[in-house]
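Numbered by my numbering, the letters in the sequence shown go through residues -2 to 265 in order.
Working notes for the structure below.
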Amino acid sequence: MQNLPARKLPTYPIEAVDNALQLLQLLRDVGSLRLKDAAAELKVAPSTAHRLLAMLVYRGFAVQDESRRYVPGPAMGAGPAGVRWTRPLREISRPHMELLSARTSETVNLMIRVGTKVRFLDTVEGTNALRVGDRQGTVMPANKASGGKAMLAELDLGMLEQLFRSPNAEIGGDNIPDDDYPGFLRELETIRINGFAANFEGTEEGISAFGMAIHNGRGNVVGAISVATPVARFRRLFDAGLVAVMMETRRQLEIDIAANPVDPSDGD
-2 MQNLPARKLP TYPIEAVDNA LQLLQLLRDV GSLRLKDAAA ELKVAPSTAH
48 RLLAMLVYRG FAVQDESRRY VPGPAMGAGP AGVRWTRPLR EISRPHMELL
98 SARTSETVNL MIRVGTKVRF LDTVEGTNAL RVGDRQGTVM PANKASGGKA
148 MLAELDLGML EQLFRSPNAE IGGDNIPDDD YPGFLRELET IRINGFAANF
198 EGTEEGISAF GMAIHNGRGN VVGAISVATP VARFRRLFDA GLVAVMMETR
248 RQLEIDIAAN PVDPSDGD
């Protein structure tokens, strides 16, 4: 079977290194890890997970707090996306993502927005021989990714100006030029009206994606889901009723989120 990944697995992968890097991604995106959670994520014995985490502590990438959880250490640089809510969001979303992937045969992603970027928290790969690969841990510009655009569309103009037109945006390389900004705002308005966003090779050549923001019980955006597909299959997928299938997935997912409160103001 063939993937269409931005990243290609090396010919001779080193499992221990890959496991350590996965733990770094989890610490960054989830914010804290218990030993048993780390072992479960990596599908290894707790003793193996403990040795890996001990090396991250030794190198300053992790520290243990008073509850013995592992949290990002000083060598991680920027703080995590969230502490208490990203893990429950992944756990609640996973079965809905698996069902959506089964219904479309395509790859489904869960992401959150952190400033001007989106972080992919989870991926369920599609079943087609030619498919989009795993994006878990990937960071992309929010104004390029379909799910990112869907989340940006729900922000007010003042926040958009701060993110993409302020001096900080200029310094951080996130500034949208004068000539492009009106078109960007028009695209977000269309997304607000339609309730979904599309990305046609905006982040990766040969790949299109379709994204929708997801909300908690109070109507706050907590993330987005997207369906990613080789560009050659996108029109067929869209014509087969992708919008309706994704909207139903979002409706069911938001019911579960409302019953298991997820709030991005917790733990930021």
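Just so you know, even glycine gets a beta-carbon here, dropped at the ideal spot from N, CA and C.
- Going by DSSP, Asp253 is part of the alpha helix (DSSP H) stretching over Leu239 to Ala256.
- Taking a cut-off of 8 Å on C-beta distances, the region 137 to 153 touches the region 107 to 126, as three or more cross pairs fall below it.
- For the pair Phe193 and Ala147, the CB atoms are nearer than the 9 Å cut-off.
- Between the C-alpha atoms of Arg183 and Leu20 there is a straight-line separation of about 39 Å.
- Under the DSSP assignment, Arg116 falls in the beta strand (DSSP E) whose first and last residues are Lys114 to Val121.
- Listed in chain order, the alpha helix (DSSP H) runs fully inside the region 158 to 221 are 164 to 169 and 178 to 191, counting runs of at least 4 residues.
- Secondary structure at Ala142: coil, using DSSP grouped into helix, strand and coil.
- Within the same chain, and ignoring the five residues on either side of Val240 in sequence, the residues whose Cβ sits closer than 7 Å to its Cβ are Phe193.
- Under DSSP, the beta-bridge partners assigned to Thr104 are Ala225.
- Between the C-alpha atoms of Met243 and Glu38 there is a straight-line separation of about 27 Å.
- In this structure, the CA atom of Arg233 is about 19 Å from the CA atom of Gly199.
- When the beta-carbon positions are compared, Ala206 and Ala225 come within less than 9 Å of each other.
- Secondary structure note for Val68: its beta strand (DSSP E) is the uninterrupted segment Tyr67 to Pro69.
- Here Ala255 has Asn213 and Gly214 as same chain residues with Cβ atoms under 7 Å from its own Cβ, once five neighbours each way along the sequence are excluded.
- By the Cβ-count criterion, Tyr67 is buried, with 16 or more other Cβ atoms from all chains shown falling within 10 Å of its own Cβ.
- The region 118 to 132 and the region 155 to 167 do not touch, with fewer than 3 CB-CB distances between them shorter than 8 Å.
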